[in-house]
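Trainee: The following block contains the structure, expressed as structure tokens.
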Amino acid sequence: MKSYLSLIPISAKVHKQQNRMTLLCIVFAVFLVTAVFSMAEMGVRMEAGRLIGKHGSQALQSLFSSTMAQTLFGAAAVLFLLILLAGVLMISSSMNSTVTQRTKFFGMMRCIGMSRQQIIRFVRLEALNWCKTAVPIGVLLGVVATWGLCWALRFLVGEEFSDMPLFGVSIIGMICGILLGVVTVLLAAQSPAKRAAIDLIDINRIIKEQLSESAKAINNEIRAMLKEQKKTRKYNESIQSKVVYGQGKRTRTSQILNDLSTFDFFESIL
Amino acid sequence: MNLLEVKSICKTYGSGEAAVHALKDVSFIVPKGEFVAVVGESGSGKSTLLNMLGALDTPTSGKVFIDGNDTFKMKDSQLTVFRRRNIGFIFQAFNLIPELTVEQNIIFPVLLDYQKPDKKYLEELLTVLGLKERHNHLPNQLSGGQQQRVTIGRALLTRPSLILADEPTGNLDSQNSSEVIALLKEAAQKYAQTIVMITHSSINAQTADRVLRVSDGMLTDLGRCRE
Chain A
254 MKSYLSLIPI
264 SAKVHKQQNR
274 MTLLCIVFAV
284 FLVTAVFSMA
294 EMGVRMEAGR
304 LIGKHGSQAL
314 QSLFSSTMAQ
324 TLFGAAAVLF
334 LLILLAGVLM
344 ISSSMNSTVT
354 QRTKFFGMMR
364 CIGMSRQQII
374 RFVRLEALNW
384 CKTAVPIGVL
394 LGVVATWGLC
404 WALRFLVGEE
414 FSDMPLFGVS
424 IIGMICGILL
434 GVVTVLLAAQ
444 SPAKRAAIDL
454 IDINRIIKEQ
464 LSESAKAINN
474 EIRAMLKEQK
484 KTRKYNESIQ
494 SKVVYGQGKR
504 TRTSQILNDL
514 STFDFFESIL
Chain B
63 MNLLEVKSIC
73 KTYGSGEAAV
83 HALKDVSFIV
93 PKGEFVAVVG
103 ESGSGKSTLL
113 NMLGALDTPT
123 SGKVFIDGND
133 TFKMKDSQLT
143 VFRRRNIGFI
153 FQAFNLIPEL
163 TVEQNIIFPV
173 LLDYQKPDKK
183 YLEELLTVLG
193 LKERHNHLPN
203 QLSGGQQQRV
213 TIGRALLTRP
223 SLILADEPTG
233 NLDSQNSSEV
243 IALLKEAAQK
253 YAQTIVMITH
263 SSINAQTADR
273 VLRVSDGMLT
283 DLGRCRE
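Line by line, the protein sequences are chains A and B. Number 455 in my numbering belongs to position 202 of the first sequence; there are no gaps in the numbering. Number 92 in my numbering belongs to position 30 of the second sequence; there are no gaps in the numbering.
Here's what the structure looks like:
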């Protein structure tokens with residue numbers, strides 16, 4: 254471990270399950286954009302190929318393909334923005350929920366001495382870390398989907414689509430996909446990162462809440478045990494006497510716990 | 063030289079009739095290298111006091127000076143840096159990072175400060191804490207006492223001048239707890255560190271140089287246990 258940021262890949266491995274939703278969102282957004290842009294380029298290539306075959310004239314072809322390209326890529330750009338918006342909202346909300354789940358973790362980090370800036374950086378890099386796996390998967394899916402669509406258009410629809418290139422790989426599509434992945438994640442991480450960078454005073458509140466929560470849980474457990482004891486009191490007089498004659502609060506509870514363990518207390522919990 | 067100086071701290075929650083005075087005009091000083099135990103019933107304001115000392119909470123009025131620095135005048139970012147260099151926290155809940163090994167957990171605060179951990183001191187700490195063979199274990203593979211020793215190691219590695227411990231032995235059995243306290247004391251003596259420790263157990267309080275009692279937000283100095 255060289256830097257505190259080395260924690261990111263380590264914890265990412267452990268929290269794979271919780272981050273699955275966010276990963277899926279990134280994959281989906283990247284996939285959509287790659288597919289849309291690839292299809293747009295395939296459309297342009299097909300049109301160009303058709304024009305060359307028909308007229309053989311370079312001038313006419315370039316004129317047609319440029320207007321065609323403009324409309325196709327214009328539509329793709331609009332879709333890009335829409336997917337970006339949807340992606341940012343989706344990823345941001347799913348990240349927000351994971352951050353909220355880990356409030357205790359970030360509070361602990363602040364107690365250990367992580368500054369607010371460091372936490373913001375931590376959350377951002379954590380999100381970028383997911384891109385490492387999610388973006389390639391998305392791009393690959395996008396390319397495969399394009400092949401599938403091209404094949405379907407060529408052989409199932411036919412007619413004017415019979416010039417469709419079969420296994421074309423669109424560089425523009427891939428670049429747009431990668432770009433979208435990174436931009437979306439950075440934009441989406443903004444609000445969860447701020448949320449994670451808790452004020453020191455808030456930490457105190459969180460710690461208190463947690464302590465009272467755990468105290469409540471323990472109290473409930475003890476109450477349940479006492480109830481259980483009342484039922485079995487007749488059969489074991491010694492426990493009752495220990496409870497009554499215990500000195501302090503602490504010793505009393507610990508004695509109850511000790512006694513109950515002989516009472517198959519674990520079995521009752523499990 | 064006084065390391066810690068607390069000047070008439072008050073803390074009030076709520077206002078008007080519903081006001082709760084958690085701390086009422088608490089003042090005390092702790093010289094460098096002293097081991098102070100704070101005792102009192104639950105709800106008496108001990109933890110509030112400790113949180114104020116560690117700047118985890120702000121008082122309604124009053125001041126805290128650590129090594130001559132007024133902690134409540136610092137900005138959040140300054141305070142974070144000050145805290146990670148000068149104050150070591152040991153909590154009742156162990157607060158270890160479950161994904162990291164013992165060694166990584168201990169050096170983490172040093173990494174947050176963009177420093178290189180002192181390898182020699184780390185080795186020494188691991189030996190003293192009896193964690194040398196377990197330095198590659200994850201926290202959940204350790205017993206409660208061992209986990210608490212890891213947090214002590216974490217609090218000590220940065221060589222803070224002040225160590226704040228909130229019932230460090232709260233959920234340990236008596237043998238583990240006296241071991242932990244002895245370690246803490248030994249380390250603090252070796253490196254001239256000041257310790258303020260909240261404790262429930264009178265046995266632990268007896269090992270301290272001085273005992274402070276908090277009841278209903280008022281602080282009384284019970285004086286030195288032994289000379």
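Don't be surprised by glycine CBs; every beta carbon is placed ideally from N, CA and C. If you're wondering where the values come from, they're calculated on a predicted model, not measured in any experiment.
1. If you follow the beta strand (DSSP E) that B:ARG275 is part of, which residue opens it and which one closes it?
2. Going by the CB atoms, is the gap between B:VAL68 and B:PHE90 shorter than 8 angstroms?
3. Return the chain-ordered list of same chain residues with a C-beta closer than 8 angstroms to the C-beta of A:VAL438, the five sequence neighbours on each side being excluded.
4. To the nearest angstrom, how far is it from the Cα of B:LEU340 to the Cα of B:PHE170?
5. Could you list the residues in the region 161 to 189 of chain B with a C-beta less than 8 angstroms from some C-beta on chain A, going in chain order?
6. Out of B:VAL100, B:HIS83 and B:ILE71, point me to the one whose CA is closest to B:ASP22's CA.
7. Within 8 angstroms of any Cβ in chain B, is that where the Cβ of A:ARG369 sits?
8. Output yes or no for whether 8 angstroms exceeds the beta carbon distance between A:ALA449 and A:ILE372.
9. Determine the chain B residues that contact A:ILE475 at a beta-carbon separation under 8 angstroms, and present them in chain order.
10. Applying the 10 Å Cβ sphere with the 16-neighbour rule, what's the burial state of B:TYR253?
11. Assuming A:VAL286 contacts A:LEU433 under a Cβ cut-off of 8 angstroms, what Cβ separation, rounded to an integer in Å, is found between them?
12. Return yes when at least one heavy atom of the ligand COA lies under 7 angstroms from the C-beta of A:MET321, else no.
13. At 9 angstroms on the CB atoms, spell out the chain A contacts of B:VAL143, in chain order.
14. Can you tell me which of B:ASP138, B:GLY130 and B:LYS73 puts its alpha carbon nearest to the alpha carbon of B:SER106?
15. Indicate whether B:ASP119 and B:ARG146 have their beta-carbon atoms separated by less than 8 angstroms.
16. Can you give me the C-alpha to C-alpha distance between A:LYS484 and B:ASP278, rounded to a whole angstrom?
17. Any idea if B:LEU112 is buried or exposed, counting beta-carbon neighbours within 10 angstroms, 16 or more meaning buried?
18. Would you kindly report the start and end of the unbroken beta strand (DSSP E) that includes B:MET136?
19. Are B:VAL164 and B:LEU184 close, meaning C-beta to C-beta below 8 angstroms?
20. Thinking C-beta only, is B:THR220 closer than 8 angstroms to B:ILE152?
21. Tell me the rounded alpha-carbon separation between B:PHE97 and B:GLU248.
22. Using the C-alpha atoms, what's the distance from B:SER223 back to A:ARG369?
23. Give the DSSP-derived three-state secondary structure of B:ALA117 in the structure shown.
24. Could you run through the region 111 to 138 of chain B and flag, in chain order, every residue whose CB is less than 8 angstroms away from some CB of chain A?
25. If we cut at 8 angstroms on Cβ distances, does B:ASN148 have a partner in chain A?
26. Could you work out which residue in B:LYS86, B:LYS178 and B:LEU158 is closest to B:PRO121 when comparing CA atoms only?
27. For B:GLN250, which residues from the same chain have a beta carbon less than 8 angstroms from its beta carbon, with the 5 sequence-adjacent residues on both sides left out?
28. Find the residues of chain B that neighbour A:SER256, judging by a C-beta separation of less than 7 angstroms, and give them in chain order.
29. Find the residues of chain A that neighbour B:ASN198, judging by a C-beta separation of less than 7 angstroms, and give them in chain order.
30. Could you list which residues in chain A have their beta carbon closer than 8 angstroms to that of B:ASN202, in chain order?
31. Should A:MET348 and A:ALA442 be called a contact, given that it needs their Cβ atoms to be closer than 8 angstroms?
32. Considering just the uninterrupted stretch of the beta strand (DSSP E) at B:LEU224, what are its terminal residues?
33. Around the C-beta of B:LYS135, are 16 or more other C-beta atoms found within 10 angstroms, so that it is buried, or is it exposed?
34. Near B:THR269, which residues of its chain fall below 7 angstroms by C-beta distance, leaving aside the five closest residues on each side in sequence?
35. Pull up the distance between the alpha-carbon of A:ALA387 and that of A:ALA282, whole angstroms please.
36. Give the single residue among B:ALA117, B:GLY76 and B:LEU191 whose Cα lies nearest to the Cα of B:PHE144.
Mentor: On the basis of the data shown:
1. If you number the second sequence from 1, residue 275 of chain B lands on position 213. Run containing B:ARG275: 272 to 277, per the beta strand (DSSP E) assignment.
2. The count along the second sequence starts at 1 and reaches residue 90 of chain B at position 28. The count along the second sequence starts at 1 and reaches residue 68 of chain B at position 6. Yes.
3. Start at 1 with the first residue of the first sequence, and residue 438 of chain A comes out as number 185. Within the same chain, A:VAL438 has close Cβ partners ILE279, ILE344, ALA380, LEU381, TRP383 and CYS384.
4. Given a span of 63 to 289 for chain B in the structure shown, any question on residue 340 of chain B remains unanswerable.
5. GLU161, LEU162, GLN166, ILE169, PHE170, PRO171, LEU173, LEU174, ASP175 and TYR176
6. Because chain B spans 63 through 289 in this model, residue 22 of chain B falls outside it and cannot be assessed.
7. Position 116 of the first sequence, counting from 1, holds the residue named residue 369 of chain A. At least one chain B Cβ lies under 8 angstroms of A:ARG369.
8. In the first sequence, residue 449 of chain A corresponds to position 196, counting from 1. In the first sequence, residue 372 of chain A corresponds to position 119, counting from 1. A contact, by the Cβ cut-off of 8 angstroms.
9. Your numbering for residue 475 of chain A matches position 222 in the first sequence. Per Cβ cutoff of 8 angstroms: no residues; A:ILE475 is ~15 angstroms from chain B at best.
10. Position 191 of the second sequence, counted from the start, is the residue given in the question as residue 253 of chain B. Exposed, because fewer than 16 other Cβ atoms sit within 10 Å of the Cβ of B:TYR253.
11. Reading the first sequence from its first residue, position 33 is the one you call residue 286 of chain A. Reading the first sequence from its first residue, position 180 is the one you call residue 433 of chain A. 4 angstroms between Cβ atoms; contact.
12. With respect to small molecules bound, the structure shown includes none, and the ligand COA cannot be examined in it.
13. Locating residue 143 of chain B in the second sequence gives position 81, where the first residue counts as 1. Those are GLY366 and SER368, listed as they occur along chain A.
14. On the second sequence, residue 106 of chain B is found 44 positions in, with the first residue counted as 1. Of the residues B:ASP138, B:GLY130 and B:LYS73, the one whose Cα lies closest to the Cα of B:SER106 is B:LYS73.
15. Taking the first residue of the second sequence as position 1, residue 119 of chain B is located at position 57. Taking the first residue of the second sequence as position 1, residue 146 of chain B is located at position 84. In this structure, B:ARG146 does not lie closer than 8 angstroms to B:ASP119 by Cβ.
16. Mapped onto the first sequence, residue 484 of chain A falls at position 231. Mapped onto the second sequence, residue 278 of chain B falls at position 216. If you take the alpha carbons of A:LYS484 and B:ASP278, they lie about 39 angstroms apart.
17. Walking along the second sequence from the start, residue 112 of chain B turns up at place 50. Answer is buried; the Cβ neighbour count reaches 16.
18. Here the question's residue 136 of chain B lines up with position 74 in the second sequence. Segment: none, B:MET136 is in no beta strand (DSSP E) and carries neither H nor E.
19. The residue given as residue 164 of chain B occupies position 102 in the second sequence. The residue given as residue 184 of chain B occupies position 122 in the second sequence. No, they are not a contact pair.
20. Here the question's residue 152 of chain B lines up with position 90 in the second sequence. Here the question's residue 220 of chain B lines up with position 158 in the second sequence. No, Cβ-Cβ distance for B:ILE152 and B:THR220 is not below 8 angstroms.
21. The sequence position of residue 97 of chain B within the second sequence is 35, counting from 1. The sequence position of residue 248 of chain B within the second sequence is 186, counting from 1. Their Cα atoms are separated by approximately 11 angstroms.
22. Position 116 of the first sequence, counted from the start, is the residue given in the question as residue 369 of chain A. Position 161 of the second sequence, counted from the start, is the residue given in the question as residue 223 of chain B. Distance between the alpha carbons of A:ARG369 and B:SER223 is about 23 angstroms.
23. For the purposes of this step, residue 117 of chain B is identified with residue 55 of the second sequence, where counting begins at 1. Coil.
24. ASN113, ALA117, LEU118, ASP119, THR120 and ASP138
25. Counted from its first residue, the second sequence places residue 148 of chain B at position 86. Closer than 8 angstroms: no.
26. Numbered from its first residue, the second sequence carries residue 121 of chain B at position 59. Per the Cα distances, B:LYS86.
27. Here the question's residue 250 of chain B lines up with position 188 in the second sequence. Residue identity check: residue 250 of chain B is Ala in the sequence provided, not Gln. Hits under 8 angstroms: GLY95, PHE97, ILE225, THR256 and ILE257.
28. On the first sequence, residue 256 of chain A is found 3 positions in, with the first residue counted as 1. Near A:SER256 (Cβ distances below 7 angstroms), the residues of chain B are LEU173.
29. Locating residue 198 of chain B in the second sequence gives position 136, where the first residue counts as 1. Result: empty, since nearest Cβ-Cβ is about 12 angstroms, beyond 7 angstroms.
30. Taking the second sequence and counting its residues from 1, the one referred to as residue 202 of chain B is at position 140. None at all; the shortest Cβ gap to chain A is about 11 angstroms.
31. Against the first sequence, residue 348 of chain A aligns to sequence position 95. Against the first sequence, residue 442 of chain A aligns to sequence position 189. Yes. Within cutoff.
32. Looking up residue 224 of chain B in the second sequence gives position 162. B:LEU224 -> beta strand (DSSP E) spans 224 to 228.
33. Residue mapping note: residue 135 of chain B aligns to position 73 of the second sequence, counting from 1. So B:LYS135 ends up on the exposed side.
34. Start at 1 with the first residue of the second sequence, and residue 269 of chain B comes out as number 207. Only ILE243 and LYS247 meet the Cβ criterion.
35. On the first sequence, residue 387 of chain A is found 134 positions in, with the first residue counted as 1. On the first sequence, residue 282 of chain A is found 29 positions in, with the first residue counted as 1. Distance between the alpha carbons of A:ALA387 and A:ALA282 is about 10 angstroms.
36. Here residue 144 of chain B refers to the residue found at position 82 of the second sequence. The option with the nearest alpha carbon to B:PHE144 is B:ALA117.
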